[in-house]
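Working notes, structure below.
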Amino acid sequence: MAWNEPGNGGKDRDPWGNNGKQQGPPDLDQVIRNLRNKFGGLLGQRSSDSGSGGSLGSFGVIIALVIALVVWVVSGFYTIGEAQRGVVLRFGNYYQTVEPGLSWKATFVDRVFPVDVESVRSQPASGFMLTEDENLVRVEMEVQYRVIEPRDYLFNVTNADDSLHQALDSALRFVVGHSTMDDVLTKGRDGVRQATRELLETIIEPYDLGLSILDLNFLPARPPEEVKDAFDDAIAAQEDEQRFIREAEAYDREIRPKARGQAKRLLQEAEGYKEQIALRAEGEVARFRQLMPLYKEQPELMRQRIYLETMEDIYSKVNKVIVDTPEGSSNLMYLPLDKLVEQNANRKAKVDPNIITSDYINDLQKQAAAAGAGSERTRAPKVDSGNLRPTGRN
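The sequence shown begins at 1 in UniProt numbering and counts up by one.
Below is the structure:
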């Protein structure tokens, strides 16, 4: 039913309060006053007077705005952790990077993205890869990295972590494809790891990912299960080879100093023997030079003496005793052989046959004089071997 339809009992339902008295457009000022009064009523400010209602309504609006402002300011405070850096965007554009601690942002205007810059992150790469010698191996490698530039990490690429993962997979496949299976499985693993790291850094450098590569962990590679036993045998043989090499090197390090010491000792002994022989030869020469005048005077006597000394020297080195017993004698002879051998050894240790003393020369001269006094005899005088010994051989 219309507001002012006839038959409504004379009641005017016009919300603008015209009561059917005037069918023209409502007064704009009156409409504004009515709206203000209604808002004032919502804030608990009711008044019949239009002027006082307007002032109270304005005060309520101000209070609401102040409260909203306080809430907006308080909501802008935030905290960045010790291991983080905050990247601030204002109206969608980069504004600044904030350090750890309490900071403030304009709510609905600024956005803050905290980025952890101290934790070590990792990205794995694995799969079956074909080596240079056309063998299929399963390779696993893990890269460890850290964020060093939060702005580049967030905005230079869509996803820096995923980009690093793809770069690692690409670098690893390239290096494995240019390496032999032995290099990947055993002896060349360090070279594969180093080559992969260098290639990975070369790949990600143009993109400025804001990351720093810390290390690459090259996990043990393994062949397909179908040929695993044969590869295990080959690896065991290579390990035995390396073990034998290490043992040989250890033996070499042990035996070389001993050999050098032994060689040095032999050289020193040879030098000592050389000096000993030279001194002995010089002594013999000096001895014969001193005996030469006596030999010229009594050659037979000197010849006999030299013969006896030579025989004495020979028999002194033999552990045998020769006894001349009378023919037909049955007497039992007792010889203390152990005492004789010991005495002979002590005598050899104390006397040097190459040393000629003055007593020895005097003894020879006396015997030569005695031999000259009895020169009328046709045979050489009897020589007492005990008296012809050099001094000190008693």
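All C-beta atoms in this analysis are idealised placements derived from N, C-alpha and C, irrespective of residue type, glycine included.
All of these numbers come straight from a predicted model, not from anything done at the bench.
Cα-Cα separation, residue i to residue j
i           : j      : result
PHE91       : GLY81  : 24 Å
ALA230      : ASP152 : 48 Å
ARG121      : ARG85  : 16 Å
ARG289      : PRO257 : 48 Å
GLU134      : ASP183 : 13 Å
VAL112      : VAL70  : 20 Å
VAL66       : PHE59  : 11 Å
ARG193      : ASN217 : 8 Å
GLY272      : ILE314 : 24 Å
ILE62       : ASN93  : 33 Å
ARG265      : ARG253 : 19 Å
PRO224      : GLY127 : 11 Å
THR357      : PRO299 : Because THR357 carries a pLDDT of 48, less than 50, the predicted location of this residue cannot be relied on, and no value is offered for it.
ALA263      : GLY188 : 40 Å
MET292      : MET302 : 9 Å
GLY261      : THR180 : 45 Å
SER50       : ALA68  : Residue confidence is low: SER50 scores 47 on pLDDT, short of 50, so the model does not pin down where it sits. No coordinate-derived value is stated.
ARG287      : GLU275 : 18 Å
LEU267      : GLU312 : 33 Å
ALA234      : TYR207 : 42 Å
ARG197      : ASP215 : 8 Å
GLU247      : ASP190 : 23 Å
GLU226      : GLU241 : 25 Å
GLU239      : ASP232 : 10 Å
PRO114      : GLU201 : 26 Å
ALA270      : ALA259 : 16 Å
PHE108      : GLY76  : 9 Å
residue 403 : TYR295 : The chain is shown from 1 up to 394; residue 403 falls before or after that span and cannot be answered.
PRO150      : THR97  : 8 Å
Collapsed DSSP secondary structure at residue i in the structure displayed
i           : result
VAL192      : helix
residue 398 : No answer is possible for residue 398: the residues shown for the chain start at 1 and end at 394.
THR79       : strand
VAL71       : helix
PHE113      : strand
VAL383      : With a pLDDT of 40 at VAL383, under the threshold of 50, the modelled position of that residue is not reliable, and the figure given next carries that caveat. DSSP places VAL383 in coil when its eight states are reduced to three.
LYS21       : Legend: pLDDT at LYS21 = 47, less than 50; position of this residue unreliable, value from coordinates given subsequently. In the structure shown, LYS21 sits in coil (DSSP, three-state: anything other than H, G, I, E or B).
Enclosing beta strand (DSSP E) for residue i [first to last residue]
i      : result
ASP215 : 211-218
GLU140 : 136-147
PHE128 : 121-130
GLY86  : 84-90
Proximal residues to residue i (C-beta, below 7 Å), its chain only, five neighbours per side dropped
i      : result
ALA125 : MET141, HIS165, LEU168, ASP169 and LEU172
SER103 : TYR78, ILE80 and GLY86
LEU209 : ASP152, TYR153, ASN156, VAL157, ALA160, SER163 and LEU164
LEU89  : TYR95, ASP110 and ARG111
VAL74  : none
GLU327 : none
ILE306 : none
ALA236 : none
Chain-order list of residues whose beta-carbon lies under 8 Å from that of residue i (same chain, five-residue window excluded)
i           : result
GLN123      : GLU142, VAL143, TYR145, ASP161, LEU164, HIS165 and LEU168
residue 418 : As shown, the chain starts at 1 and ends at 394. That puts residue 418 outside it, with no answer to give.
LEU199      : ALA171, PHE174 and VAL175
ILE148      : VAL117, GLY210, LEU211 and SER212
GLY101      : THR79 and ILE80
PHE244      : none
Residue i: first and last residue of the uninterrupted alpha helix (DSSP H) it sits in
i           : result
residue 417 : Residue numbering for the chain in the displayed model covers 1 to 394; residue 417 lies beyond these limits and cannot be assessed.
Contact set for residue i: own chain, Cβ-Cβ below 6 Å, skip 5 residues either direction
i      : result
ILE204 : ALA167
ALA83  : ASP116 and GLU118
HIS178 : GLU132
LEU185 : ALA221
ALA195 : VAL175
THR310 : none
GLN22  : In this prediction, GLN22 scores a pLDDT of 49, lower than 50, which makes its location untrustworthy; the coordinate-derived value is nonetheless stated afterwards. Nothing listed; no residue qualifies.
TYR251 : none
Contiguous alpha helix (DSSP H) assignments of at least 4 residues, all confined to the region 155-186: 160-177 and 181-185
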